[in-house]
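Enquirer: So for the sequence shown, the numbering used here puts the first residue at 1; every next one is plus one.
For each residue, glycine too, the CB sits at the ideal point set by N, CA and C.
None of the values given here were measured: they were computed from a predicted structure.
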Amino acid sequence: MIITTKRISQAVIGILFLTSLWLVARSEEAKPPRQPTTKPQISEDNKTCAKCHAEKTPVIVSQWADSKHGKAGIGCLDCHASSAREPGAFAHEGKNIHTIVTPKDCAACHQEAAGQFAKSHHAKAAQFVGSLDNILGEIVEGRLAAAQGCQQCHGSTVTLVKDAKGALVLENGKPRLDPQTWPNTGIGRVNLDGSLGSCSACHSRHTFSRAMARQPETCGKCHMGPDHPQIEIFQESKHGIAFRTRIDEMNLKSDSWVLGKDYNAAPTCATCHMSATPNQAVTHDVGERISWTLRPVFSKKLENADTRRKKMVDVCSNCHGADFVKSWYSQYDAGIDLYNTKFAEPAQKIMDALKAKAKITPTPFDDKIEWTFYHLWHHEGRRARMGLSMQGPDYVQWHGFFEVAHRFYFELLPEAEELSKGDSDLIKLIDEIKARPEHAWLKGMSPAQIEKTREFYQKRYGASKEYGLK
């Protein structure tokens, strides 16, 4: 009897629970679409746009109406209006407009930000034609891989579709944008009006949100993965941990966002590279505070590196003491020097010598050692250096220098030695590199060194054989 009563009670509770879920689902379905919190005060022409698009693309209109633009009375035509002569322009409901809003359009109101951006590496991101990355995307992988991969971050060169005679192809009276170049919000997009960039890469349309641009995840759309894992490194770092822990205290939506004044919970990518401090204004030149370039085979100090570093030190000094900042930069510089001198410089010498001796062809990526070398600097080498720059210990060690060392000693050197057989000059070069003090461990360890290491492992882990020590 007790068991029967218990089962009945459980069944009733289950029915009530399912009923409540059904009621919640119905109530959610019954909710009307979210309406803007304020009604924008805009011109009659813009009202015509908004009224029509509220039916055709309601989310766009709703986002715009809630945005700073909407609340300030900046309407569709203020950004999309065009002259009839402009490439890509077309007549629409009695007005000439263009689809793609460019930095040139944004500069009408945001002149200073647009000017800073135009000087930045972001603006030039699409100019990687001829690079090894572009050869991989365009040729080795295939054109569409580049269109949906590389160019979605770097930016495409936007073009219009033309027929066999060179005339523009029109659809419903408007020029057709080439689908291999558009849609695209790549940061360095080359636009039809000749301007470079896409403001919506960070300030996504049609909210145009400062808060979104301040979020690390916005940068992480492109700054992630095996060759530039900045978002992963940030998440591992003390900075990223502080951000996740105290995100509700970040004041991300504030108009003013000065470090130490408007927020003090944690830094984001924008904090260090763009945003204001008590001593510096906000900048849209993201490289303005970077002293090293970490992207190429061999890291170099950038032009005006001292000035750039002083600007970054100013950011650091809001949260860290002078000794801390100075010592951290000493570690960083030494780590870059280690990568450059121990791995990048000798690896590049070997590759140059192999090419000069015609041991590898001029065609990129048709020899195995070219893939090995590319992984060494473009993937593992960058990870080590970027880990150094952003305080990501696992990316410095296991994702970085550990993999650089393995690639250098157990792939690149053996492959180079195989290709060098019978060539005394190449053999001499490789032997000279291996004879350097930093590579001396390859010759073997002394009995005393082996015994000391064995005792260490035995004491800490209770075993030594698994580490190859006999």
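1. When you compare only the Cα positions, how much space is there between A30 and W64?
2. Distance, Cα to Cα, G194 vs G188?
3. Between which two residues does the alpha helix (DSSP H) holding I427 run?
4. Keeping to the same chain, check which residues put their C-beta closer than 8 Å to that of K39; ignore five residues upstream and five downstream.
5. So, are the CB atoms of H314 and T341 less than 8 Å apart?
6. Sorted by chain position, which residues of the same chain lie with C-beta nearer than 6 Å to I2's C-beta, five sequence neighbours on each side aside?
7. Considering only the alpha carbon of each residue, which of G75, G115, A54 and K47 lies closest to D285?
8. Please return the same chain residues whose Cβ sits closer than 8 Å to the Cβ of E438, not counting the five positions on each side in sequence.
9. Quick one: Cα of D323 to Cα of T245, how far?
10. Output the distance between the C-alpha atoms of Y185 and S209, rounded to the nearest integer angstrom.
11. Are the CB atoms of E380 and E403 within a distance shorter than 8 Å?
12. Between A125, G149, Y374 and K349, which has its C-alpha nearest D431's C-alpha?
13. For the candidate residues E44, Q41 and H80, whose alpha-carbon lies nearest to that of H98?
14. Do H406 and R383 count as a contact pair if the criterion is CB distance below 8 Å?
15. Which runs of the beta strand (DSSP E), 3 residues or longer, sit entirely within the segment 75 to 143?
16. Flag this pair as yes or no: are the beta carbons of E415 and T372 separated by less than 8 Å?
17. Helix, strand or coil for P296? Go by DSSP, reduced to three states.
18. How about the segment 121 to 141 and the segment 236 to 250: do they share at least three Cβ pairs that are nearer than 8 Å?
19. Under 8 Å, Cβ to Cβ, is there at least one residue of chain C near R189?
20. Does the pairing of the segment 386 to 393 with the segment 202 to 222 give three or more beta-carbon distances under 8 Å?
21. Let's see if you can read the secondary structure: which residues bound the alpha helix (DSSP H) around G240?
22. Please report how far the alpha carbon of I241 lies from the alpha carbon of N304, in whole angstroms.
23. Which whole runs of the alpha helix (DSSP H) in the segment 272 to 341 are 4 residues long or more, in chain order?
24. Using the three-state DSSP reduction, which class does K253 fall into: helix, strand or coil?
25. Within 10 angstroms of the Cβ of S83, are there 16 or more other Cβ atoms? Answer buried if so, exposed if not.
26. Going by DSSP, name the residue or residues bridged to T157.
27. Exposed or buried, what is S291 when buried is set at 16 or more other beta-carbons lying within 10 Å of its beta-carbon?
28. In whole angstroms, what is the alpha-carbon distance linking A72 and I42?
29. DSSP puts L259 in a beta bridge; with which residues?
30. Put K56 into one of helix, strand or coil per three-state DSSP.
31. Going by the CB atoms, is the gap between G287 and H121 shorter than 8 Å?
32. Between L419 and L376, which are expected to be in contact by the criterion C-beta below 8 Å, what is the C-beta distance as a whole number of angstroms?
33. If you count every other CB in all the chains shown that lies within 10 Å of the CB of S424, and 16 or more means buried, which is it?
34. What separation, rounded to the nearest whole angstrom, lies between the Cα atoms of D178 and K165?
35. Using DSSP bridges, identify the partner residues of P229.
36. Report yes if the CB atom of G149 is closer than 8 Å to the CB atom of G137, and no otherwise.
Expert: Concretely, from the data shown:
1. The residue you call residue 30 lines up with position 30 of the sequence shown. The residue you call residue 64 lines up with position 64 of the sequence shown. Below a pLDDT of 50, predicted positions are generally treated as unreliable, and A30, at 49, falls in that range; no measurement from the model is reported.
2. The residue you call residue 194 lines up with position 194 of the sequence shown. The residue you call residue 188 lines up with position 188 of the sequence shown. The straight-line gap from Cα to Cα measures roughly 12 Å.
3. Within the sequence shown, the letter at position 427 stands for residue 427. S424 to K434 is the extent of the alpha helix (DSSP H) around I427.
4. Numbered from its first residue, the sequence shown carries residue 39 at position 39. Correct list, in chain order: A65.
5. Residue numbering aside, residue 314 sits at position 314 when the sequence shown is read from its first letter. Residue numbering aside, residue 341 sits at position 341 when the sequence shown is read from its first letter. The amino acid at residue 314 is misidentified as His; the sequence shows Asp. No, they are not a contact pair.
6. For the purposes of this step, residue 2 is identified with residue 2 of the sequence shown, where counting begins at 1. Because the pLDDT of I2 is 48, which lies under 50, any placement of that residue in the model is unreliable, and the number read from its coordinates should be weighed accordingly. So the list is empty, once near-sequence residues are dropped.
7. Counted from its first residue, the sequence shown places residue 285 at position 285. Ranking G75, G115, A54 and K47 by Cα distance to D285 puts G115 first.
8. Position 438 of the sequence shown, counting from 1, holds the residue named residue 438. Result list for E438: T341 and K342, in chain order.
9. Residue 323 sits at position 323 when you count from the first residue of the sequence shown. Residue 245 sits at position 245 when you count from the first residue of the sequence shown. Computed Cα separation, rounded: 27 Å.
10. By one-based count along the sequence shown, residue 185 stands at place 185. By one-based count along the sequence shown, residue 209 stands at place 209. Sequence inspection shows Thr at residue 185; the Tyr mentioned does not correspond to that position. Near 15 Å, if we compare the C-alpha coordinates of S209 and T185.
11. As a first step, residue 403 must be located in the sequence shown, where it is residue number 403. As a first step, residue 380 must be located in the sequence shown, where it is residue number 380. Yes.
12. Here residue 431 corresponds to residue number 431 of the sequence shown, with the count starting at 1. Ranking the options by Cα distance to D431, first place goes to K349.
13. Working through the sequence shown from its first residue, we reach residue 98 at position 98. For the residues E44, Q41 and H80, the minimum Cα distance to H98 belongs to H80.
14. Position 383 of the sequence shown, counting from 1, holds the residue named residue 383. Position 406 of the sequence shown, counting from 1, holds the residue named residue 406. Going by C-beta atoms, R383 is not nearer than 8 Å to H406.
15. 90 to 92 and 95 to 97
16. Counted from its first residue, the sequence shown places residue 415 at position 415. Counted from its first residue, the sequence shown places residue 372 at position 372. Yes.
17. For the purposes of this step, residue 296 is identified with residue 296 of the sequence shown, where counting begins at 1. Looking at P296 - three-state DSSP - the assignment turns out to be coil, as it is neither helix nor strand.
18. no
19. Protein chains in the displayed structure number just one, and chain C is not present.
20. no
21. Residue numbering aside, residue 240 sits at position 240 when the sequence shown is read from its first letter. Where G240 is concerned, the enclosing alpha helix (DSSP H) stretches over K238 to T245.
22. Here residue 241 is taken as the residue at index 241 of the sequence shown, counted from 1. Here residue 304 is taken as the residue at index 304 of the sequence shown, counted from 1. C-alpha separation (whole angstroms): 32 Å.
23. 305 to 316 and 322 to 339
24. The sequence position of residue 253 within the sequence shown is 253, counting from 1. If DSSP states are grouped into helix, strand and coil, K253 belongs with coil.
25. Within the sequence shown, residue 83 is the residue found at index 83, counting from 1. Flag for S83 reads exposed.
26. Counting from one through the sequence shown, the residue named residue 157 turns up at place 157. Paired residue(s): V190.
27. On the sequence shown, residue 291 is found 291 positions in, with the first residue counted as 1. S291 comes out buried.
28. Locating residue 72 in the sequence shown gives position 72, where the first residue counts as 1. Locating residue 42 in the sequence shown gives position 42, where the first residue counts as 1. Rounded to whole angstroms, A72 to I42 spans 8 Å at the Cα level.
29. Your numbering for residue 259 matches position 259 in the sequence shown. According to DSSP, L259 bridges with Y263.
30. By one-based count along the sequence shown, residue 56 stands at place 56. Three-state DSSP puts K56 in a helix.
31. Position 121 of the sequence shown holds residue 121. Position 287 of the sequence shown holds residue 287. Yes; because the gap between Cβ atoms is below 8 Å, this pair is in contact.
32. As a first step, residue 419 is located in the sequence shown; it is residue number 419 there, counting from the start. As a first step, residue 376 is located in the sequence shown; it is residue number 376 there, counting from the start. Rounded, the Cβ-Cβ distance is 16 Å, inconsistent with contact.
33. Indexing the sequence shown from 1 puts residue 424 at position 424. S424 comes out exposed.
34. Within the sequence shown, the letter at position 178 stands for residue 178. Within the sequence shown, the letter at position 165 stands for residue 165. Cα to Cα, the separation comes out at about 16 Å.
35. Here residue 229 refers to the residue found at position 229 when the sequence shown is read from its first residue. Paired residues: none, contrary to the question.
36. Numbered from its first residue, the sequence shown carries residue 149 at position 149. Numbered from its first residue, the sequence shown carries residue 137 at position 137. Going by C-beta atoms, G149 is nearer than 8 Å to G137.
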